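Engineer:
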Amino acid sequence: MSDSLDRYLQERLQARRDAGRWRRTRTLDGPQRPEQVIDGRPVVAFCSNDYLGLAGDPAVATAAREAIDHYGVGAGAAHLINGHTRAHDELEQALARFTGRERALLFSTGYMANLALVQTLVGRHDTVFEDRWNHASLIDAVRLSGARSQRYRHADPDHLRGRMEKAGTTGHRLIITDGVFSMDGDIAPLPELADLAREFDAGLMVDDAHGLSVLGKTGGGSCQHFGLGHDAVPILMGTLGKGFGTAGAFVAGSDALIETLIQTARPYIYTTAMPAALAAATLASVQIAEGANDRREHLQRLLLQLGKGLDELGLTHPPPLAPIQPVHIGDARRASAVAERLLGAGFLVPAIRPPTVPEGQARLRITLSAAHTEAQVGALLRALERALDQPPT
Ligand code: PMP
89 MSDSLDRYLQ
99 ERLQARRDAG
109 RWRRTRTLDG
119 PQRPEQVIDG
129 RPVVAFCSND
139 YLGLAGDPAV
149 ATAAREAIDH
159 YGVGAGAAHL
169 INGHTRAHDE
179 LEQALARFTG
189 RERALLFSTG
199 YMANLALVQT
209 LVGRHDTVFE
219 DRWNHASLID
229 AVRLSGARSQ
239 RYRHADPDHL
249 RGRMEKAGTT
259 GHRLIITDGV
269 FSMDGDIAPL
279 PELADLAREF
289 DAGLMVDDAH
299 GLSVLGKTGG
309 GSCQHFGLGH
319 DAVPILMGTL
329 GKGFGTAGAF
339 VAGSDALIET
349 LIQTARPYIY
359 TTAMPAALAA
369 ATLASVQIAE
379 GANDRREHLQ
389 RLLLQLGKGL
399 DELGLTHPPP
409 LAPIQPVHIG
419 DARRASAVAE
429 RLLGAGFLVP
439 AIRPPTVPEG
449 QARLRITLSA
459 AHTEAQVGAL
469 LRALERALDQ
479 PPT
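Under my numbering, the letters of the sequence shown match residues 89 to 481, in that order.
This is the structure in structure tokens:
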């Protein structure tokens, strides 16, 4: 690397350290479950998106092992070459059924699914209306699509209406929102967004990474939570690495939507298919998730316990419906200090800092899983009280 480029990198790294924004990986030894050994230290983790405790489920692991015996490990090629197996096909059909949509299409990651969807739906003559707190992959997807972007206030349909009334009438319109917001744990006002989409002849796309499998009677996500089907939310994206406990993502929607993605979406066409064993494992986890009322009910009980505990500590939090509960701290350094104290007490809870959240809105992000126990949530609340009590360092 040139000296000047190297200096440029060093300066940026130093600025990040100075601003209390340093990020680093932690090394996990063993499976994804609440009791973990991370960087050699035993902790109870409250940061995983494995909401139903399926990541280490024996039935899911067995399905993966059996599929490896049959298909081998690597997919070897893109879906449209010869990477698409019977296992992928069965999972796509299961996901279409699970979401009540005509068809579903697999992607290797949620990030790629969002890039693919947005660039398939809109281009530079079109307008996207996006919630200000949408996930980074959606924001990047809109940027890459070249469409005009209109950001509306978080979960505020009135502000969105104003934006839509002011926007020109040329091109297509697309409203994009997270179903459950990944950093705040609140649920988008989908019925109101669906009404606006209808009124203004706009598409409505929901990224339900954190709602699917968790919300709704059979885990159908934030759409099922509100009783909305395909007509109200025609463009649905979900990830498989969260509540479903595996990895990858999918888009579910009409035959025309899925076929257009297959024909034109670069993040679908020009990348290796996910391994067949992953598809087979996910098929097992989707089947478990559908009937996992016991896991969802336990998770709801834990959420109520956590919500009550946060209330008693005088901490504001979203209604305890989704398994993401942020604890607002404000200052990034203080958020990091509280997270470090919790770690010292044996609890892994990440501090979420700018630029992931706006300046002054640093927070702890607590996520719950059906694999947690009431005793673990109680112990976390006590440790949190002590960690918040200590003066800023
Ligand atoms: N959308 C949302 C709302 C997410 O939270 C995430 C992951 N954090 C993604 C998309 C990206 O999914 P993946 O991890 O599969 O790339």
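Positions of the beta carbon are idealized from the N, C-alpha and C atoms, including for glycine. In this text, all values refer to a predicted model and were calculated from it rather than measured experimentally.
Starting from Leu-452, follow its DSSP beta bridges and name the residues at the other end.
Structural biologist: Taking the sequence shown and counting its residues from 1, one reaches residue 452 at position 364. For Leu-452, which the question treats as bridged, DSSP gives the partners Val-415, Ala-439.
Engineer: For Gln-312, tell me which candidate among His-172, Leu-168, Arg-121, Val-268 has the shortest Cα-Cα distance.
Structural biologist: In the sequence shown, residue 312 corresponds to position 224, counting from 1. Here the closest residue by C-alpha is Val-268.
Engineer: Can you check whether the C-beta of Thr-461 is within less than 8 Å of a C-beta belonging to chain C?
Structural biologist: Absent from the structure: chain C. Only one protein chain is present.
Engineer: With distances taken between CB atoms, is the gap from Gly-307 to Leu-316 smaller than 8 Å?
Structural biologist: As a working note, residue 307 is residue 219 in the sequence shown. As a working note, residue 316 is residue 228 in the sequence shown. No, these two residues do not count as a Cβ contact at 8 Å.
Engineer: Name the one or two DSSP bridge partners that Asp-382 has.
Structural biologist: Here residue 382 is taken as the residue at index 294 of the sequence shown, counted from 1. BP columns for Asp-382 are empty, so no partner.
Engineer: Less than 8 Å between the C-beta atoms of Ile-454 and Val-415, yes or no?
Structural biologist: Here residue 454 corresponds to residue number 366 of the sequence shown, with the count starting at 1. Here residue 415 corresponds to residue number 327 of the sequence shown, with the count starting at 1. Yes, Cβ-Cβ distance for Ile-454 and Val-415 is below 8 Å.
Engineer: Can you give me the Cβ contacts of Thr-215 inside the same chain, cut-off strictly under 7 Å, excluding the 5 residues immediately before and after it?
Structural biologist: Translated into positions along the sequence shown, residue 215 becomes position 127. Closer than 7 Å at Cβ, skipping near neighbours: Ala-235, Arg-236, Gln-238, Ala-255, Gly-259, Arg-261.
Engineer: Under the assumption that Asp-266 contacts Asp-295 (Cβ atoms under 8 Å), give the Cβ distance between them as a whole number of angstroms.
Structural biologist: In the sequence shown, residue 266 corresponds to position 178, counting from 1. In the sequence shown, residue 295 corresponds to position 207, counting from 1. Indeed they touch by this definition, with Cβ atoms about 5 Å apart.
Engineer: For the 8 Å Cβ check, are there 3 or more pairs between the segment 376-384 and the segment 439-452?
Structural biologist: Segments in contact, no.
Engineer: Answer with buried or exposed for Gly-466, where buried requires no fewer than 16 other C-beta atoms within 10 angstroms of its C-beta.
Structural biologist: As a position in the sequence shown, residue 466 is number 378, starting the count at 1. Exposed: under 16 other Cβ atoms inside 10 Å.
Engineer: Is the CB-CB distance between Val-339 and Leu-193 below 8 Å?
Structural biologist: Against the sequence shown, residue 339 aligns to sequence position 251. Against the sequence shown, residue 193 aligns to sequence position 105. Yes; because the gap between Cβ atoms is below 8 Å, this pair is in contact.
Engineer: Does at least one heavy atom of the ligand PMP sit under 7 Å from the Cβ of Gly-45?
Structural biologist: Given a span of 89 to 481 for the chain in the structure shown, any question on residue 45 remains unanswerable.
Engineer: Look at the Cβ atom of Gln-195, then the Cβ atom of Gly-341, and state whether they are nearer than 8 Å.
Structural biologist: On the sequence shown, residue 195 is found 107 positions in, with the first residue counted as 1. On the sequence shown, residue 341 is found 253 positions in, with the first residue counted as 1. Here residue 195 is Phe; the residue named in the question, Gln, does not match the sequence. Their beta carbons are not under 8 Å apart, which means Phe-195 does not touch Gly-341 by this criterion.
Engineer: Do you know offhand how far Ala-471's Cα is from Arg-429's?
Structural biologist: Counting from one through the sequence shown, the residue named residue 471 turns up at place 383. Counting from one through the sequence shown, the residue named residue 429 turns up at place 341. Those two C-alpha atoms are separated by around 9 Å.
Engineer: Have a look at Ala-182 and Ala-368 and give me their C-alpha separation to the nearest angstrom.
Structural biologist: Indexing the sequence shown from 1 puts residue 182 at position 94. Indexing the sequence shown from 1 puts residue 368 at position 280. Answer to the nearest angstrom: the Cα atoms are 11 Å apart.
Engineer: I'd like the span of the beta strand (DSSP E) that includes Met-325, first residue to last.
Structural biologist: The residue labelled residue 325 in the question sits at position 237 within the sequence shown. Counting along the chain, the beta strand (DSSP E) containing Met-325 begins and ends at 323-327.
Engineer: Cutting at 7 Å between CB atoms, please list the residues of its own chain near His-318, excluding the five before and the five after it.
Structural biologist: Translated into positions along the sequence shown, residue 318 becomes position 230. Here the set comprises Gly-188, Arg-189.
Engineer: Sorted by chain position, which residues of the same chain lie with C-beta nearer than 7 Å to Gln-393's C-beta, five sequence neighbours on each side aside?
Structural biologist: Start at 1 with the first residue of the sequence shown, and residue 393 comes out as number 305. Counting only Cβ-Cβ distances below 7 Å, and skipping sequence neighbours, we find Glu-462, Val-465.
Engineer: Quick one: using the 10 Å Cβ neighbour count with 16 as the cut-off for buried, is Trp-110 buried or exposed?
Structural biologist: Against the sequence shown, residue 110 aligns to sequence position 22. When all chains shown are included, Trp-110 counts as exposed.
Engineer: In terms of residues, what are the limits of the alpha helix (DSSP H) holding Gly-250?
Structural biologist: Residue 250 sits at position 162 when you count from the first residue of the sequence shown. Unbroken alpha helix (DSSP H) run through Gly-250: 245-254.
Engineer: Under 8 Å between the Cβ atoms of Val-321 and Leu-278?
Structural biologist: One-based indexing of the sequence shown puts residue 321 at position 233. One-based indexing of the sequence shown puts residue 278 at position 190. Yes. Within cutoff.
Engineer: Considering only their Cβ atoms, is the gap separating Pro-411 from Leu-436 smaller than 8 Å?
Structural biologist: The count along the sequence shown starts at 1 and reaches residue 436 at position 348. The count along the sequence shown starts at 1 and reaches residue 411 at position 323. Against a cut-off of 8 Å, the Cβ pair of Pro-411 and Leu-436 comes out as no contact.
Engineer: Looking at Ile-323 and Leu-205, is the spacing between their C-beta atoms short of 8 Å?
Structural biologist: If you number the sequence shown from 1, residue 205 lands on position 117. If you number the sequence shown from 1, residue 323 lands on position 235. Yes, the Cβ-Cβ distance between Leu-205 and Ile-323 is below 8 Å.
Engineer: When we look at the beta-carbon of Ile-334 and count the other beta-carbons within 10 Å, is it buried (16 or more) or exposed?
Structural biologist: Residue mapping note: residue 334 aligns to position 246 of the sequence shown, counting from 1. Looking at the sequence itself, residue 334 is Thr, so the reference to Ile does not match. Classification of Thr-334: buried, given that the 10 Å Cβ count is 16 or more.
Engineer: Tell me whether Ser-237 sits in a helix, a strand or coil according to DSSP, three-state version.
Structural biologist: Start at 1 with the first residue of the sequence shown, and residue 237 comes out as number 149. Three-state result, Ser-237: strand.
Engineer: Please say whether Arg-383 and Gly-144 have beta carbons closer to each other than 8 Å?
Structural biologist: Translated into positions along the sequence shown, residue 144 becomes position 56. Translated into positions along the sequence shown, residue 383 becomes position 295. Against a cut-off of 8 Å, the Cβ pair of Arg-383 and Gly-144 comes out as no contact.
Engineer: Just to confirm, does Gly-273 get its C-beta within under 7 Å of one of the non-hydrogen atoms of the ligand PMP?
Structural biologist: By 1-based counting over the sequence shown, the position of residue 273 is 185. False, no ligand heavy atom lies under 7 Å from that Cβ.
Engineer: Go ahead and pull the three-state DSSP assignment for Ala-175.
Structural biologist: Counting from one through the sequence shown, the residue named residue 175 turns up at place 87. Looking at Ala-175 - three-state DSSP - the assignment turns out to be helix.
Engineer: Can you list, in chain order, the stretches of the beta strand (DSSP E) that have 3 or more residues and sit fully within the segment 292-327?
Structural biologist: If we require 3 residues or more, the beta strand (DSSP E) runs fully inside the segment 292-327 come out as 323-327.
Engineer: Residue range of the alpha helix (DSSP H) that Thr-444 falls in?
Structural biologist: Walking along the sequence shown from the start, residue 444 turns up at place 356. Taken as a continuous stretch (DSSP letters only), Thr-444 belongs to no alpha helix (DSSP H), as it is neither H nor E.
Engineer: Which whole runs of the alpha helix (DSSP H) in the segment 347-372 are 4 residues long or more, in chain order?
Structural biologist: Listed in chain order, the complete alpha helix (DSSP H) runs (minimum 4 residues) inside the segment 347-372 are 354-357.
Engineer: Please say whether Glu-218 and Ile-275 have beta carbons closer to each other than 8 Å?
Structural biologist: Numbered from its first residue, the sequence shown carries residue 275 at position 187. Numbered from its first residue, the sequence shown carries residue 218 at position 130. Result no, Cβ atoms of Ile-275 and Glu-218 do not sit closer than 8 Å.
Engineer: Where does Val-485 fall in DSSP's three states?
Structural biologist: Since the first residue of the chain shown is 89 and the last is 481, residue 485 is not available in this structure.
Engineer: Rounded to whole angstroms, what's the CA-CA distance from Asp-244 to Gly-434? Just pull it up for me.
Structural biologist: Within the sequence shown, the letter at position 156 stands for residue 244. Within the sequence shown, the letter at position 346 stands for residue 434. Cα to Cα, the separation comes out at about 38 Å.
Engineer: My output table needs one value for Glu-280: the three-state DSSP class, helix, strand or coil.
Structural biologist: In the sequence shown, residue 280 corresponds to position 192, counting from 1. Helix at Glu-280.
Engineer: Within 10 angstroms of its Cβ, does Asp-177 collect 16 or more other Cβ (buried), or is it exposed?
Structural biologist: In the sequence shown, counting from the first residue as 1, residue 177 sits at position 89. With fewer than 16 Cβ atoms within 10 Å of its Cβ, Asp-177 is classed as exposed.
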